[in-house]
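Q: Got a structure for you, questions after.
So, in C-alpha cells, the structure goes:
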C-alpha cells in the first residue's frame, strides 16, 4: 500500500479519535476497522476532491461532505453512515 493511502487513513483515524475524545469515547477495534474500510472506499474520492485540503481537524471529512453528491456510491454510503449519531 502506498504512503498516501496510509496518510489518508491516518486522517480518518485522527478525525474519528478527535470526535470521540470530545464525547469521551474510546475507539474500539470494530470502530478502527470501520475507519480503515471507510478510508479504503473513499480513497479515490479523497484524491479527486480533497487532494489540496489542509489535513487535520476533520477537514478531509468535511470536504467529502461538501462533495457528497459527487462521491462514488460506496463512499457516500460510508460517509452518510458516519454522520448518524
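In our numbering, the protein residues as written are 83 to 167. Even for Gly, the Cβ is constructed at its ideal location relative to N, Cα and C. A quick note: this is a predicted structure, and the numbers were derived from the prediction, not measured.
Going by alpha carbons, who is nearest to residue 126 out of 155, 141, 162?
A: One-based indexing of the chain shown puts residue 126 at position 44. The shortest C-alpha separation from residue 126 is found at 155.
Q: Relative to the alpha-carbon of residue 153, which residue among 119, 141, 132 has its alpha-carbon at the smallest distance?
A: Against the chain shown, residue 153 aligns to sequence position 71. Of the candidates 119, 141, 132, the one whose C-alpha sits nearest the C-alpha of residue 153 is 132.
Q: Quick one: what's got a C-beta closer than 7 Å to residue 147's C-beta in the same chain, skipping five residues either side?
A: In the chain shown, the residue the question calls residue 147 occupies position 65. 161.
Q: Who are the Cβ neighbours of residue 139 in its own chain at under 6 Å, not counting the five residues just before and after it?
A: Locating residue 139 in the chain shown gives position 57, where the first residue counts as 1. Within the same chain, residue 139 has no close Cβ partners at all.
Q: The alpha helix (DSSP H) with residue 129 in it runs from where to where?
A: Here residue 129 refers to the residue found at position 47 when the chain shown is read from its first residue. Where residue 129 is concerned, the enclosing alpha helix (DSSP H) stretches over 111-131.
Q: For residue 124, collect the residues of the same chain with a Cβ closer than 6 Å to its Cβ; drop the 5 residues on either side in sequence, then sort them by chain order.
A: Within the chain shown, numbered from 1, the residue matching residue 124 stands at position 42. Counting only Cβ-Cβ distances below 6 Å, and skipping sequence neighbours, we find 157.
Q: Going straight from the alpha carbon of residue 151 to that of residue 119, what length do you get?
A: On the chain shown, residue 151 is found 69 positions in, with the first residue counted as 1. On the chain shown, residue 119 is found 37 positions in, with the first residue counted as 1. So the two alpha carbons sit approximately 20 Å from each other.
Q: How far does the alpha helix (DSSP H) with residue 144 in it extend, from its first residue to its last?
A: Taking the chain shown and counting its residues from 1, one reaches residue 144 at position 62. 141-148 is the extent of the alpha helix (DSSP H) around residue 144.
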